[in-house]
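Working notes, beginning with the structure itself.
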Ligand code: XMP
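Numbering (UniProt numbering), first residue to last: 191 to 515.
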């Protein structure tokens, strides 16, 4: 629309005026905010922008590949891929407490981020996908008394980082800071971001790690990733994707008895979590068609080794939360 095009032109002018010929670092997560930010900045400053994507190994099946395909190949926005999968997995050994998981993932993210920015840098600016609601409650930024600029002391919460060390202070570029989420989607559309990112369901920063109850191991990650893929594949095929707020699988660290052919099985159950919501603050379990539930269940049990049972979570929020951790 006219207003969005005007916004984009104005934002590009502002970014260029602010950044000049300096370099900008952006931590790309694949979500709508950081992706829109990347498209916008790339239009404004081209190769002065460096997009860094940290793969912690907790993303959904084929998502890292898809992200690189879209950015690198389709839109020629280069992405620095950092494979940190082994490092994050090591940090998960023996950890079962949900908050401890988040804490460790956050800390490791900072370390990888610092190393990455040192190796690829130096950078003058950090691009953040701060939205208007974040600005209102902006406990996460400080103002540099000398320049009056907002400086980062904390990466956006969608990167799930507790805080950057004080000596790693970037100047900030935050072109989305006056926008609400819906407006970000419109900006994303008008800078050419594909619909599959613009209209993507929310996905938590710690990813699959908080959808494996108990210890996160490589084996469990592989099982959950495959089960989760079946859920999304069936939802996509059903044409109902946009009827849901989120759809996913959760892996429970218990086993139950089943039968496969004439063999007894003793394997993990998977929880199906399909919810509808307006904003994630409250949510209702979805009255999904039985046929859809059946095909998801059949496929998971048949295709995912290590799972022999699928259960449906019929808890709304409150009192449940959307995620299990
Ligand atoms: P809950 O589970 O609290 O989730 O009902 C509400 C919404 O927030 C998402 N969520 C997270 N997003 N980091 C994120 O970036 C997190 O640690 C996190 N935990 C929950 C959740 O997927 C839902 O959309």
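Glycine included, every Cβ here is placed at the ideal spot set by N, Cα and C.
For residue 368, which option in 378, 325, 232, 383 has the closest C-alpha, if you only look at C-alpha atoms?
Position 178 of the chain shown, counted from the first residue, corresponds to residue 368. The shortest Cα separation from residue 368 among 378, 325, 232, 383 belongs to 325.
On the criterion of 16 or more Cβ atoms from any shown chain inside 10 Å, does residue 401 qualify as buried, or is it exposed?
On the chain shown, position 211 is the one that residue 401 refers to. The residue in question, residue 401, is buried, as its Cβ has 16 or more Cβ neighbours within 10 Å.
Residue 196 - partner residues in DSSP beta bridges:
What you label residue 196 is simply residue 6 of the chain shown in a count that begins at 1. Answer is none; residue 196 lacks a bridge partner.
When burial is assigned at 16 or more other CB atoms within 10 Å of the CB, is residue 415 buried or exposed?
Taking the first residue of the chain shown as position 1, residue 415 is located at position 225. Buried, since its Cβ has 16 or more Cβ neighbours within 10 Å.
Presumed contact (8 Å Cβ cut-off) between residue 241 and residue 202, rounded CB distance:
The residue you call residue 241 lines up with position 51 of the chain shown. The residue you call residue 202 lines up with position 12 of the chain shown. No, residue 241 and residue 202 are not in contact; Cβ-Cβ is about 17 Å, not under 8 Å.
Evaluate residue 232 with the Cβ neighbour count: other Cβ atoms within 10 Å of its Cβ, from every protein chain shown; 16 or more gives buried, anything less gives exposed.
By 1-based counting over the chain shown, the position of residue 232 is 42. Counting Cβ neighbours within 10 Å, residue 232 comes out buried, since at least 16 surround it.
Within 10 angstroms of the Cβ of residue 500, are there 16 or more other Cβ atoms? Answer buried if so, exposed if not.
Here residue 500 is taken as the residue at index 310 of the chain shown, counted from 1. By the 10 Å Cβ count, residue 500 comes out buried.
Residues bridged to residue 499 by DSSP?
Within the chain shown, residue 499 is the residue found at index 309, counting from 1. DSSP, once it has assigned bridges, lists 459 as partnering residue 499.
Please name the residue in 503, 460, 477, 512 whose C-alpha comes closest to that of residue 495.
Here residue 495 is taken as the residue at index 305 of the chain shown, counted from 1. Ranking the options by Cα distance to residue 495, first place goes to 460.
Only counting the same chain, and skipping five residues up and downstream in sequence, which positions put a Cβ closer than 8 Å to that of residue 214?
In the chain shown, residue 214 corresponds to position 24, counting from 1. 231, 235, 238, 239, 240, 313, 314, 315, 316, 317, 363.
Helix, strand or coil for residue 238 per DSSP?
For the purposes of this step, residue 238 is identified with residue 48 of the chain shown, where counting begins at 1. Looking at residue 238 - three-state DSSP - the assignment turns out to be helix.
Using the rule of at least 16 other Cβ atoms within 10 Å of the residue's Cβ for burial, across every protein chain shown, is residue 476 buried or exposed?
Here residue 476 refers to the residue found at position 286 of the chain shown. Under this definition residue 476 is a buried residue.
With 16 other Cβ atoms within 10 Å as the buried cut-off, status of residue 273
By one-based count along the chain shown, residue 273 stands at place 83. It is exposed - the Cβ of residue 273 has fewer than 16 other Cβ atoms within 10 Å.
Within its chain, find whatever has a CB closer than 7 Å to the CB of residue 194; leave out the 5 residues flanking it on each side and keep chain order.
Position 4 of the chain shown holds residue 194. So the qualifying residues of the chain are 376, 377, 380.
Label residue 226 either buried or exposed according to how many other C-beta atoms from any shown protein chain fall within 10 Å of its C-beta, with 16 as the threshold for buried.
Locating residue 226 in the chain shown gives position 36, where the first residue counts as 1. Residue environment for residue 226: buried (at least 16 other C-beta atoms within 10 angstroms of its C-beta).
Neighbourhood of residue 437 by C-beta distance below 6 Å, restricted to the same chain and skipping five residues each side:
Counted from its first residue, the chain shown places residue 437 at position 247. Hits under 6 Å: 421, 425, 464.
I'd like to confirm the pairing. Which residues does DSSP put opposite residue 216 in its beta bridges?
As a working note, residue 216 is residue 26 in the chain shown. For residue 216, which the question treats as bridged, DSSP gives the partners 241, 317.
Compute every distance between the C-beta of residue 512 and the non-hydrogen atoms of the ligand XMP, then say whether any falls below 7 Å.
Indexing the chain shown from 1 puts residue 512 at position 322. The ligand XMP has a heavy atom closer than 7 Å to the beta-carbon of residue 512.
Quick check: is any heavy atom of the ligand MN less than 7 Å from the C-beta of residue 507?
In the structure on display, the ligand MN does not appear, and the ligands it does have are the ligand XMP.
My output table needs one value for residue 454: the three-state DSSP class, helix, strand or coil.
Counted from its first residue, the chain shown places residue 454 at position 264. In the three-state reduction of the DSSP assignment, residue 454 falls in the strand class.
For a test of the three-state rule: what should DSSP assign to residue 273, helix, strand or coil?
What you label residue 273 is simply residue 83 of the chain shown in a count that begins at 1. Three-state DSSP puts residue 273 in a strand.
On a CA-only basis, which of 410, 419, 373, 469 is nearest residue 196? Give me that one, please.
One-based indexing of the chain shown puts residue 196 at position 6. Among 410, 419, 373, 469, the Cα nearest to that of residue 196 is on 373.
Which first and last residues belong to the alpha helix (DSSP H) in which residue 491 is found?
To locate residue 491, count along the chain shown from 1; it is residue 301. Per DSSP, residue 491 belongs to the alpha helix (DSSP H) from 480 to 493.
Just verifying my parser: in three-state terms, what is the DSSP assignment at residue 230?
Locating residue 230 in the chain shown gives position 40, where the first residue counts as 1. In this structure, residue 230 counts as helix in the three-state DSSP scheme.
Just the C-alpha distance for residue 258 and residue 245, rounded to the nearest angstrom, thanks.
Position 68 of the chain shown, counted from the first residue, corresponds to residue 258. Position 55 of the chain shown, counted from the first residue, corresponds to residue 245. When rounded, the distance between both Cα atoms is 11 Å.
Beta carbon of residue 485 nearer than 8 Å to that of residue 433
Locating residue 485 in the chain shown gives position 295, counting from the first residue. Locating residue 433 in the chain shown gives position 243, counting from the first residue. Going by C-beta atoms, residue 485 is not nearer than 8 Å to residue 433.
Sorry if obvious, but does the Cβ on residue 436 come closer than 7 Å to a heavy atom of the ligand XMP?
Taking the first residue of the chain shown as 1, we reach residue 436 at position 246. Yes; taking the cut-off as 7 Å, the Cβ of residue 436 has a heavy atom of the ligand XMP nearer than that.
Taking just the CA atoms, how far does residue 508 sit from residue 303?
Against the chain shown, residue 303 aligns to sequence position 113. Against the chain shown, residue 508 aligns to sequence position 318. If you take the alpha carbons of residue 303 and residue 508, they lie about 35 Å apart.
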